[in-house]
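Using my numbering, the letters of the sequence shown correspond one by one to residues 59 to 162.
A virtual CB, placed ideally from N, CA and C, is assigned to each residue, including glycine.
So the structure is just underneath, and the comments pick up after that.
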Amino acid sequence: MALPAGVTASVSVIEGPDKGLVKKLEKARVILGRQGADVSLSDPEVSRHHCMLEVKESYVNLKDMDSTNGTFFEDERVRAAMLQDGGEFRVGNSIIRIGLERRQ
Numbered sequence: 059m060a061l062p063a064g065v066t067a068s069v070s071v072i073e074g075p076d077k078g079l080v081k082k083l084e085k086a087r088v089i090l091g092r093q094g095a096d097v098s099l100s101d102p103e104v105s106r107h108h109c110m111l112e113v114k115e116s117y118v119n120l121k122d123m124d125s126t127n128g129t130f131f132e133d134e135r136v137r138a139a140m141l142q143d144g145g146e147f148r149v150g151n152s153i154i155r156i157g158l159e160r161r162q
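If you want it as C-alpha cells, here you go:
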C-alpha cells in the first residue's frame with residue numbers, strides 16, 4: 059500500500075538501544091518490531107511484531123499487535139492511538155518519534 063500522495067513519513071528512535079536511528083517509511087503500513095520487521099529495533103523488550111504504523115494524510119495510526127510488553131502513548135498502555143507530526147510513543151525501552159510531512 060503506497061503512502062498518501064504528497065506525504066512523507068519517518069520514525070526516529072530518541073531513547074533506547076537504537077537511539078539515533080531514523081527510518082523513512084516507504085509504504086503506508088509498516089510493522090515495528092525486532093529482527094524481520096519493516097522497522098527493526100535491537101531492544102530486547104520489543105516483541106517480534108510489536109506494533110503497526112498506518113500512515114494517513116494528516117496523522118499516523120498506531121496499533122499494538124498484542125505485544126508482550128505493550129505500546130505506550132502519553133504514559134498509558136494503548137491498543138491504538140492517533141499520532142500527529144512529532145508524536146511520540148514507547149515500545150520496550152525505546153521512545154519513537156513520528157515525522158509526518160505533507161507537501162502542498
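- The DSSP-derived three-state label of ASP122 is strand.
- The shortest C-alpha to C-alpha distance from VAL149 to any of VAL113, LYS85, VAL136, MET140 is the one to VAL136.
- Taking a 10 Å sphere around the C-beta of ASP76, we find 16 or more other C-beta atoms and assign the residue as buried.
- Taking C-beta atoms as the reference points, ALA86 and GLU112 count as a pair closer than 8 Å.
- With at least 16 other beta carbons inside 10 angstroms of its own, THR129 counts as buried.
- Beta bridge pairing from DSSP links LEU90 with VAL97, CYS109.
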